[in-house]
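Here the structure comes first, spelled out in structure tokens, and everything after it is commentary.
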Amino acid sequence: MEKLKGVVAVAFLRLFALLPWRAVEGIGAGLGWLLAHVPNRLREVVRVNIGQCFPELDARARKCLVRQSLCDIGKTLTESACAWIWPARKSLARVREVEGLEVLEQALASGKGVVGITSHLGNWEVLNHFYCSQCRPVIFYRPPKLRAVDELLQRQRVQLGNRIAPSTREGILSVLREVRRGGAVGIPADPEPGEGSGIFVPFLGTRALTSKFVPNMLAGGKAVGVFLHAVRLADGSGYRVILEAAPPEMYSRDTEAAVAAMSAVLGKYVRAYPSQYMWTMKRFKKRPPGEREWY
0 MEKLKGVVAV AFLRLFALLP WRAVEGIGAG LGWLLAHVPN RLREVVRVNI
50 GQCFPELDAR ARKCLVRQSL CDIGKTLTES ACAWIWPARK SLARVREVEG
100 LEVLEQALAS GKGVVGITSH LGNWEVLNHF YCSQCRPVIF YRPPKLRAVD
150 ELLQRQRVQL GNRIAPSTRE GILSVLREVR RGGAVGIPAD PEPGEGSGIF
200 VPFLGTRALT SKFVPNMLAG GKAVGVFLHA VRLADGSGYR VILEAAPPEM
250 YSRDTEAAVA AMSAVLGKYV RAYPSQYMWT MKRFKKRPPG EREWY
């Protein structure tokens with residue numbers, strides 16, 4: 000049964016990749032509209048997350064943001080299908096604007112390892128292609144449950160000569176080795192870690208258990224950190240890639256201060272593009288002692 004599910008999933012991905020771009024966007028928005036109007040668990044997770052992270056919004060504004068977020072999540076899904084199937088250069092043609100490329104160029108020229116830091120904002124699959132077009136990083140990722148889909152992604156995510164590392168012990172070690180030898184890696188820093196691997200720090204209107212992995216690699220200036228995001232343009236034509244140097248606080252040996260600094264940068268981007276964040280993640284499943292669970 001799992002094999003059949005994988006075959007069907009890959010077939011749907013290939014189908015989406017055959018469609019014109021406007022159709023890809025339109026179908027994605029349509030899927031999001033359905034999620035917003037038909038009762039389902041994903042909508043409830045989005046509603047809870049947005050309600051807790053944007054307490055300053057009134058009920059009407061929160062409802063509008065939930066709807067727009069689900070539409071953008073639908074677009075991310077169908078756009079990612081294209082990024083998984085298309086040749087990488089075709090996806091890269093959808094990158095219309097780039098801001099801060101000199102930050103990455105300077106980091107690569109430093110002679111130190113480079114840690115590309117991103118989050119589940121905008122389209123991270125297109126971002127992967129962009130980052131890999133600039134260097135040959137090891138991309139850290141969480142394998143999907145369906146084997147056929149995982150095998151597809153393993154092939155497609157290395158089109159530009161880079162490598163990938165699954166979120167296993169061996170994958171973590173390969174990322175650390177790459178940084179220590181002066182290479183580049185790419186890491187999504189926002190998934191909720193295990194309790195022993197993270198610290199509760201401020202994130203938007205709440206506190207979130209946040210991974211120590213990236214700050215530990217940067218501590219004391221052992222490597223250079225660069226934030227990267229690919230956000231959707233308002234006209235739907237493609238993406239704007241934004242790069243930013245990690246702030247000085249992220250190089251501190253004070254782990255909590257460094258993690259909080261990283262969280263502040265990630266939160267800044269989510270506030271700037273709130274509907275493009277993947278609010279369907281149960282990002283806040285673990286809560287500080289004494290605080291009730293959200294989900």
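At position 17 of the sequence shown the residue is numbered 16 (numbering that gives the first Met the number 0), and the sequence of numbers has no breaks. Cβ coordinates follow ideal geometry from the N, Cα and C atoms, glycine included.
Contacts around residue i, its chain only, beta-carbon distance under 8 Å, and the 5 residues preceding and following it disregarded
i           : result
residue 182 : 112, 113, 135, 136, 137
residue 29  : 73
residue 188 : 116, 117, 118, 209, 210, 212, 213, 261, 265
residue 98  : 239, 240, 241, 242
residue 143 : 149, 152
residue 54  : 204
residue 61  : 46, 49, 50, 53
Residues near residue i by beta carbon distance below 7 Å, same chain, minus five either side
i           : result
residue 238 : 93, 94, 95, 121, 122, 125, 229, 230, 231, 232
residue 222 : 111, 112, 113, 114, 178, 216
residue 206 : 199, 200, 287
residue 258 : 198, 200, 209, 211, 214
residue 109 : 223
residue 193 : none
residue 269 : 120, 203, 276
residue 248 : 256, 257, 260
From the options, residue whose alpha carbon lies closest to that of residue i
i           : options            : result
residue 276 : 152, 250, 203      : 203
residue 155 : 172, 131, 168      : 131
residue 150 : 165, 244, 159      : 165
residue 250 : 234, 244, 291, 218 : 218
residue 127 : 52, 171, 157       : 157
residue 267 : 44, 21, 52         : 52
residue 129 : 172, 227, 290, 3   : 227
residue 196 : 180, 220, 176, 171 : 171
Classification of residue i by the beta-carbon crowding that lies within 10 angstroms, buried from 16 upward
i           : result
residue 119 : buried
residue 133 : buried
residue 63  : exposed
residue 36  : exposed
residue 7   : exposed
residue 39  : exposed
residue 273 : buried
residue 106 : buried
residue 75  : buried
residue 236 : exposed
residue 167 : exposed
residue 160 : exposed
residue 69  : buried
residue 147 : buried
Own chain partners of residue i with C-beta closer than 6 Å, once the 5 adjacent residues on each side are dropped
i           : result
residue 246 : 260
residue 293 : 47, 283
residue 77  : 15, 23, 26, 27
residue 88  : none
residue 102 : 225, 242, 244
residue 79  : 124
Nearest-angstrom beta carbon gap, residue j and residue i [assumed within contact, 8 Å]
i           : j           : result
residue 41  : residue 279 : 5 Å
residue 198 : residue 254 : 7 Å
residue 184 : residue 200 : Not really, about 22 Å apart at Cβ, beyond 8 Å.
residue 49  : residue 65  : 6 Å
residue 16  : residue 81  : 5 Å
residue 152 : residue 83  : 6 Å
residue 46  : residue 191 : About 18 Å separates the two Cβ atoms, so there is no contact after all.
residue 100 : residue 242 : 6 Å
residue 225 : residue 256 : About 19 Å separates the two Cβ atoms, so there is no contact after all.
residue 57  : residue 31  : Their Cβ separation, rounded to whole angstroms, is 22 Å, which puts residue 57 and residue 31 out of contact at 8 Å.
Complete runs of the alpha helix (DSSP H) confined to the segment 137-215 [at least 4 residues]: At a cut-off of 4 residues, the continuous stretches assigned as alpha helix (DSSP H) that sit fully inside the segment 137-215 are 146-155, 168-179.
Counting only runs of 3+ residues fully inside the segment 208-287, write out the beta strand (DSSP E) ranges in chain order. Here the runs fully enclosed are 222-231, 238-244.
Counting only runs of 4+ residues fully inside the segment 66-135, write out the alpha helix (DSSP H) ranges in chain order. Whole alpha helix (DSSP H) segments, 4+ residues: 87-91, 100-107, 123-133.
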